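First comes the structure, then the notes that go with it.
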Amino acid sequence: MYFGASSFTLHHMQYKQVTIPVGNTEQSEIILAELSNIGYEGFEERDGVLIAFISSPVFDAASLEDVLIPFNTSCTLADVEEQNWNAIWEESFQPVVVPGFCTVRAHFHTMHVDTPYEIVITPQMSFGTGHHATTMLMMQQMQHIGLSGRSVLDFGTGTGILAILAEKLGAAKVLAIDNDEWAYKNVVENIARNNCRAITPQQGSLELAGAEQFDIILANINRNILLHYMADLHRHLQDGGTILMSGLLTEDFGTINAAAAKAGFILKTRSELNNWIVLSYTK
Numbered sequence: 311m312y313f314g315a316s317s318f319t320l321h322h323m324q325y326k327q328v329t330i331p332v333g334n335t336e337q338s339e340i341i342l343a344e345l346s347n348i349g350y351e352g353f354e355e356r357d358g359v360l361i362a363f364i365s366s367p368v369f370d371a372a373s374l375e376d377v378l379i380p381f382n383t384s385c386t387l388a389d390v391e392e393q394n395w396n397a398i399w400e401e402s403f404q405p406v407v408v409p410g411f412c413t414v415r416a417h418f419h420t421m422h423v424d425t426p427y428e429i430v431i432t433p434q435m436s437f438g439t440g441h442h443a444t445t446m447l448m449m450q451q452m453q454h455i456g457l458s459g460r461s462v463l464d465f466g467t468g469t470g471i472l473a474i475l476a477e478k479l480g481a482a483k484v485l486a487i488d489n490d491e492w493a494y495k496n497v498v499e500n501i502a503r504n505n506c507r508a509i510t511p512q513q514g515s516l517e518l519a520g521a522e523q524f525d526i527i528l529a530n531i532n533r534n535i536l537l538h539y540m541a542d543l544h545r546h547l548q549d550g551g552t553i554l555m556s557g558l559l560t561e562d563f564g565t566i567n568a569a570a571a572k573a574g575f576i577l578k579t580r581s582e583l584n585n586w587i588v589l590s591y592t593k
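Residue numbers (our numbering): 311 to 593.
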């Protein structure tokens, strides 16, 4: 499983539920990012509280404490048995609107849509629902990179929002990869729901791309995965192509940018929202 910004889906097993009081949205987002890097698979953000889920066999109290100590906050723990995660997530899912550009809504929402593009999904306990700042940042950047007729790799596709948007923006073909089985099944469903024809979903890792190169790469994952695959991502990008990287905090910029430069990427733009960043590179 990619512990990244677009592919978290809770599986049917016993989980630890960790409830953390948070002082503000920025603190919540930072803690969320740090927990995602140590195996937490689903999150709910409520007023003053961040609720995080991790499979019980993976839970490690010391690692959790290491994340929380700098914020001088505590947590409460509960064991959560198998339940209908989709129903729980649907209760809190709200439509996402990038003004003047794109609306992301769940299939059960009835609303007036006045943006040029609309994406309808079946929400999961997943970052890819579009609520997360990194998904918003990626969508905003996709307005400006010229997708018409291009080949696209969506690495860590999750619910498939970015792959679907790429096709709606005119991409000729999109390879959407995620190594999470549930994310794969969800993206297949969402592709069909949005009547997409140019997207090929695949369950697995970057090796599925073979030797193919792409005009555009969308990589909304996280720092650790990006660092691990940086050289491979460079190899899969066409000369003159564009890669968007996100799932990153502002504090990740130095590390990611150094690794990207070492791999041969050239930084074009950096955008920020709520302490999260999206980076655009060319080759």
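C-beta: ideal position from N, C-alpha, C; glycine also.
The model shown is predicted, which means the values in this text are computed figures rather than measured ones.
{"Check": "Beta carbon of Thr329, beta carbon of Ile364: below 8 Å?", "Outcome": "no"}
{"Check": "Quick one: Cα of Leu547 to Cα of Ile553, how far?", "Outcome": "7 Å"}
{"Check": "Do Ile526 and Arg580 have their beta-carbon atoms positioned less than 8 Å apart in this structure?", "Outcome": "no"}
{"Check": "Looking at the secondary structure, which residues open and close the alpha helix (DSSP H) in which Phe381 lies?", "Outcome": "Per DSSP, Phe381 belongs to no alpha helix (DSSP H) and is neither H nor E."}
{"Check": "Can you tell me which of Phe353, Asn347, Ile348, Ser346 puts its alpha carbon nearest to the alpha carbon of Gln327?", "Outcome": "Phe353"}
{"Check": "According to DSSP, Ile348 sits in a beta bridge with which residue or residues?", "Outcome": "For Ile348, which the question treats as bridged, DSSP gives no partner whatsoever."}
{"Check": "Quick one: Cα of Ala482 to Cα of Leu374, how far?", "Outcome": "44 Å"}
{"Check": "For Asn347, tell me which candidate among Asp370, Arg356, Glu336 has the shortest Cα-Cα distance.", "Outcome": "Asp370"}
{"Check": "Who are the near neighbours of Thr425 in its chain, counting only those whose CB is closer than 8 Å to its CB and skipping five residues on each side?", "Outcome": "Val407, Val408, Pro409, Gly410, Phe411, Cys412, Thr413"}
{"Check": "Please report the straight-line C-alpha distance between Val390 and Thr445, rounded to a whole angstrom.", "Outcome": "28 Å"}
{"Check": "Here's the rule: buried if 16 or more other CB atoms are within 10 angstroms of the residue's CB, otherwise exposed. What is Thr439?", "Outcome": "The predicted model places Thr439 with a pLDDT of 42, which falls under 50 and marks its position as unreliable, so this point remains unresolved."}
{"Check": "Tell me which residue opens and which closes the alpha helix (DSSP H) that Met555 is part of.", "Outcome": "Careful: Met555 lies outside any alpha helix (DSSP H), inside the beta strand (DSSP E) at 547-559."}
{"Check": "Using a Cβ-Cβ cut-off of 6 Å (strictly less than) and excluding sequence neighbours within five positions of Ala569, which residues of its own chain qualify?", "Outcome": "Leu537, Met540"}
{"Check": "Where does the unbroken beta strand (DSSP E) through Ile429 begin, and where does it stop?", "Outcome": "427-431"}
{"Check": "Bridge partners for Pro409 per DSSP, in chain order?", "Outcome": "Pro409 is not bridged to any residue."}
{"Check": "Go ahead and pull the three-state DSSP assignment for Ser365.", "Outcome": "strand"}
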